[in-house]
Amino acid sequence: MSATHSRHASRAPLAVKVALPIGVLFTAVASLATLGDVFATSSAYTELPAPAAAMTLPVVQATGERAADPCGEAEVRDALAAGDDAAAVAAFGGGEEFRAAVTAGNAPCISLQDPNRSWVVINKQRPLRPETFEPGALTRVSLQSTTPSNRLRPEAAEALARMAAAARDAGVGVIGINNGYRSFGVQQLTYSSHVRSQGQERADAGSARPGFSEHQTGFAIDVVACDSGCTGIGAFGDTAQGRWVAEHAWEYGFIVRYEHGETGTTGYLPEPWHLRYIGTDLAAAYHDGDFRTLEEFFALPAASDYDF
Ligand SMILES: [Zn+2]
């Protein structure tokens, strides 16, 4: 059984993605709200698992809680101007509120195409713009690395270090890194070597074309298990570390970007080793909403293949 399966089997059904009548939905939310005291000591993102049903519901205008125009809020504008993605999401009211506003078309100040933002969505239909984009700041990850491509955005590097420390403390072993940031040029080399060794069709199922890789944003990382020597990325899913990561990565702001069974949406075969940093608030909303792809999370079209 894969790590993905075991995670799903052990997870309580927090949110059911069905279209509920509005009244039922908000009654359910209201009754959850009365449990607030129970969760008073837990961190913000574990308090109220928000229903994912909003994606399939008509846009509700009056919730009484959400800002009518979040992009008009000074707190949101200041956070965006400061490049503080976590503060921006918090200023929306949290990860689910951010997601709901974006998918409802109520957040024109949020671009899912901006590769400087931790909410950027890159896939086979959504290349980096500009295609040779380079992140402003990158920092070396403080973990054992199996390649020289071991840099990430500072916030992602810091989160990864915390996640690896937690895995070690939980007794599941050492997590190392295979690839973090890859430039457009490195991606050209990576992709063409896959094409040479596997042919284009297989290469496209497991490797992004240059200008289409999440690794170029500095928010994506391939992790490995390093107990007595590091494994390759392909072995990661069946290690203790791989199973732990599938269960806990969201707590540190990461999602497993290419899950089992989602190739039709993501365009990639399952990659339990490929983690994408989206920040803790968004990752909590993703987890609580039981999402499997970033495309689904932001109500974007599937990206099973390129147009060329
Ligand atoms: Zn990767």
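Counting in our numbering, the final residue of the sequence shown is number 1572, and the numbers go up one at a time with none missing. Built from N, CA and C at the ideal position, the CB exists for glycine as well. Everything numeric in this text was worked out from a predicted model, so none of it was measured.
On the DSSP bridge assignment, give the partners of residue i in chain order.
i, result
"Cys1490", "Cys1494"
"Gly1440", "Val1488"
"Arg1415", "Arg1404"
"Glu1535", "Tyr1522"
"Ser1409", "Ile1441"
Counting along the chain, where does the alpha helix (DSSP H) carrying residue i start and finish?
i, result
"Val1384", "Per DSSP, Val1384 belongs to no alpha helix (DSSP H) and is neither H nor E."
"Val1353", "1349 to 1355"
"Tyr1455", "1448 to 1462"
"Thr1367", "1359 to 1367"
"Glu1339", "1338 to 1345"
"Gln1505", "1504 to 1512"
"Phe1561", "1558 to 1561"
Put residue i into one of helix, strand or coil per three-state DSSP.
i, result
"Thr1530", "helix"
"Tyr1541", "strand"
"Arg1426", "helix"
"Arg1390", "strand"
"Gln1377", "coil"
"Gly1553", "coil"
"Thr1570", "Looking at the sequence shown, residue 1570 is not Thr but Tyr. Tyr1570: coil per DSSP, three-state reduction."
"Glu1465", "helix"
"Glu1395", "coil"
"Leu1546", "helix"
"Ala1421", "helix"
"Asp1333", "coil"
"Val1302", "For Val1302, the pLDDT reaches just 35, beneath the cut-off of 50, and the residue's location in the model is therefore unreliable, leaving the point undetermined."
"Phe1500", "helix"
"Gly1517", "coil"
"Arg1432", "helix"
"Gly1470", "helix"
Of the choices the options, whose alpha-carbon is the least far from that of residue i?
i, options, result
"Cys1494", "Pro1474, Leu1392, Val1353, Ile1441", "Ile1441"
"Arg1417", "Gly1463, Arg1540, Asp1545", "Arg1540"
"Val1436", "Leu1533, Ser1457, Val1488, Asn1414", "Val1488"
"Ile1439", "Glu1395, Ser1406, Gly1400", "Ser1406"
"Ala1434", "Phe1476, Ala1467, Ala1371, Trp1508", "Trp1508"
"Trp1383", "Asp1571, Asp1569, Leu1564, Phe1572", "Leu1564"
"Ser1447", "Ser1413, Val1385, Ala1549", "Ser1413"
"Gly1475", "Gln1377, Ala1350, Cys1373", "Gln1377"
"Pro1371", "Phe1562, Ala1567, Tyr1570", "It is Ala, not Pro, that sits at residue 1371 in the sequence shown. Of Phe1562, Ala1567, Tyr1570, the residue nearest in Cα terms is Phe1562."
"Trp1514", "Asp1502, Ile1542, Pro1534", "Ile1542"
"Arg1426", "Phe1518, Tyr1550, Ala1332, Gly1525", "Phe1518"
"Gly1548", "Phe1362, Ala1332, Asp1342", "Looking at the sequence shown, residue 1548 is not Gly but Ala. The shortest Cα separation from Ala1548 among Phe1362, Ala1332, Asp1342 belongs to Phe1362."
"Arg1390", "Thr1410, Ser1375, Ser1461, Asp1552", "Ser1375"
"Ala1423", "Tyr1516, Asp1552, Tyr1532, Asp1468", "Tyr1516"
"Asp1231", "Glu1526, Asp1571, Pro1536, Gly1531", "Because the chain is modelled from 1265 through 1572, residue 1231 falls outside the range shown and cannot be assessed."
"Ala1345", "Asp1486, Cys1373, Thr1411, His1512", "Cys1373"
"Ala1420", "Pro1399, Cys1490, Gly1528", "Pro1399"
If I'm right that residue i touches residue j with Cβ under 8 Å, what's the distance once you round it to whole angstroms?
i, j, result
"Gly1482", "Tyr1445", "5 Å"
"Leu1402", "Arg1393", "The pair is not a contact, with the Cβ atoms about 19 Å apart (cut-off 8 Å)."
"Val1353", "Gly1359", "6 Å"
"Pro1334", "Ala1365", "5 Å"
"His1458", "Gly1470", "7 Å"
"Glu1337", "Ala1355", "6 Å"
"Arg1521", "Ala1484", "7 Å"
"Gln1451", "Ser1477", "5 Å"
"Gly1531", "Ser1568", "5 Å"
"Glu1526", "Arg1556", "5 Å"
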